[in-house]
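Asker: First the structure, which I've put down as C-alpha cells, then a few questions once you've had a look.
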Amino acid sequence: LAKTTQPISMDSYEGQEVNITCSHNNIATNDYITWYQQFPSQGPRFIIQGYKTKVTNEVASLFIPADRKSSTLSLPRVSLSDTAVYYCLVGSYNFNKFYFGSGTKLNVKP
Amino acid sequence: EPEVTQTPSHQVTQMGQEVILRCVPISNHLYFYWYRQILGQKVEFLVSFYNNEISEKSEIFDDQFSVERPDGSNFTLKIRSTKLEDSAMYFCASRGGLPGAPLHFGNGTRLTVT
Chain A
1 LAKTTQPISM DSYEGQEVNI TCSHNNIATN DYITWYQQFP SQGPRFIIQG YKTKVTNEVA
61 SLFIPADRKS STLSLPRVSL SDTAVYYCLV GSYNFNKFYF GSGTKLNVKP
Chain B
1 EPEVTQTPSH QVTQMGQEVI LRCVPISNHL YFYWYRQILG QKVEFLVSFY NNEISEKSEI
61 FDDQFSVERP DGSNFTLKIR STKLEDSAMY FCASRGGLPG APLHFGNGTR LTVT
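Sequence lines, in order, name chains A and B.
Numbering of the first sequence is given in the working numbering, commencing with residue 1 and proceeding in unit increments.
Numbering of the second sequence is given in the working numbering, commencing with residue 1 and proceeding in unit increments.
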C-alpha cells in the first residue's frame with residue numbers, strides 16, 4: 001500500500017491561499033488520491049479526489065504531477081472555519097483498504 | 001445530500017461488556033468500512049466489507065471484533081468483550097461501486113469503556 005507523508009502542521013492567515021503537499025512515492029497504477037477534512041469529534045469529510053493532472057471543485061483544487069508521486073491540495077482564500085486536520089488518502093481499490101496518514105493540522109489565524 | 005448515519009453518538013460501557021455500534025450507509029453504496037480514532041491520534045482502518053463478507057481487515061481487527069450486515073440497510077460493528085483501550089471514536093464509511101468512488105464517513109460513535 002502506498003504510504004503517505006504530509007507536514008504535521010501549517011499556519012496561515014485568513015484570506016490567504018494554502019497549499020498542502022502529500023508525498024506518496026509508491027503509489028500504484030490503479031490508486032486514486034483523495035483529500036479529507038476533519039473537525040474535532042466529526043468524521044472525515046470528502047473534499048476532492050483525482051487521478052492525474054488537475055482537478056477543481058467549488059472548495060479546492062488538487063494538483064497531481066505526471067509521476068503521481070505527490071499531490072498538492074490548494075485551498076483558496078482560507079477562513080477561520082477552515083481550521084481542521086487535512087488528510088491525504090491514497091486508495092487501494094484493488095485491495096479495498098484505505099489507510100489514513102497522520103494528517104496536516106491547519107491553523108488559520110485572523 | 002445522502003449521508004452515512006451512525007447510532008448511538010455516544011456509548012458508555014463497562015469493561016468486559018459487549019457493544020454493538022450501528023451504521024446506515026448511503027443506500028446505493030456497495031462497500032462498507034469501519035475505522036477508529038483514539039483521542040488525538042490518526043484515523044485507523046479496521047475492516048472493509050463487500051458482498052456480505054469481509055474484504056480486508058487490519059491487525060487491530062482481532063477476534064473480539066465482528067461485522068455484520070443483518071438486513072439491506074444496517075451495518076454493525078460488534079465488540080465482544082470491551083477493554084479500556086477500545087475507548088475511541090468509531091467511524092463507519094461507505095462508497096459506491098464505480099472505480100475510484102470516494103469513501104463517505106458518518107460522524108462517528110464515541111465509545112467510552114470504564
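C-beta: ideal position from N, C-alpha, C; glycine also.
Looking only at its own chain, which residues have a Cβ that is under 7 Å from the Cβ of A/Leu-118, when we skip the five neighbours before and after it?
Answerer: Residue 118 of chain A lies beyond the stretch modelled for chain A, which goes from 1 to 110, so this question has no answer here.
Asker: Among all the DSSP beta bridges, which residues are the ones paired with B/Phe-75?
Answerer: BP columns for B/Phe-75 point to B/Cys-23.
Asker: List the residues of chain B that A/Tyr-51 touches, going by C-beta distances under 9 Å, in chain order.
Answerer: Ordered by position in chain B, the residues that pass the 9 Å Cβ test against A/Tyr-51 are Gly-100.
Asker: Show which residues of chain A have a CB atom less than 9 Å away from the CB atom of B/Gly-106.
Answerer: Near B/Gly-106 (Cβ distances below 9 Å), the residues of chain A are Gly-43.
Asker: Of all the residues that make up the region 35 to 51 of chain B, which are near chain A by a beta-carbon distance shorter than 8 Å?
Answerer: Answer set for the region 35 to 51 of chain B: Tyr-35, Lys-42, Val-43, Glu-44, Phe-45, Ser-48 and Tyr-50.
Asker: For A/Ser-79, name the three-state secondary structure that DSSP assigns.
Answerer: If DSSP states are grouped into helix, strand and coil, A/Ser-79 belongs with coil.
Asker: Cα separation between A/Met-10 and B/Asp-71?
Answerer: If I take the Cα positions, the gap works out to 44 Å.
Asker: Starting from B/Phe-91, find everything on chain A with Cβ-Cβ shorter than 8 Å and list it in chain order.
Answerer: Here the neighbours are Gly-43 and Pro-44.
Asker: Taking its Cβ as the centre, do 16 or more other Cβ atoms sit within 10 Å of A/Thr-4, making it buried, or is it exposed?
Answerer: Looking at its Cβ environment, which holds 16 or more other Cβ atoms inside 10 Å, A/Thr-4 is buried.
Asker: Can you tell me which of the three DSSP states B/Asp-63 falls into?
Answerer: Of the three classes helix, strand and coil, the one that applies to B/Asp-63 here is coil, per DSSP.
Asker: For B/Gln-64 and B/Leu-77, I'd like the C-alpha separation in whole angstroms.
Answerer: C-alpha separation (whole angstroms): 10 Å.
Asker: Should B/Leu-111 be flagged as near chain A, meaning a C-beta pair shorter than 8 Å?
Answerer: So, not an interface residue.
Asker: I want to see whether chain A comes within less than 8 Å of B/Leu-21, judged by CB atoms only; does it?
Answerer: Cβ-Cβ to chain A under 8 Å: no for B/Leu-21.
Asker: Measuring only the C-alpha atoms, how far is B/Val-19 from B/Phe-91?
Answerer: Approximately 15 Å, taken between the alpha carbons.
Asker: Look at the alpha carbon of B/Phe-105 and the alpha carbon of A/Ala-84, and state the distance between them as a whole number of angstroms.
Answerer: Distance between the alpha carbons of B/Phe-105 and A/Ala-84: 16 Å.
Asker: In chain order, what residues of the same chain lie with their CB nearer than 7 Å to the CB of B/Gly-108, ignoring the 5 residues before and after it?
Answerer: Cβ within range, chain order: Gln-6, Met-89, Tyr-90 and Phe-91.
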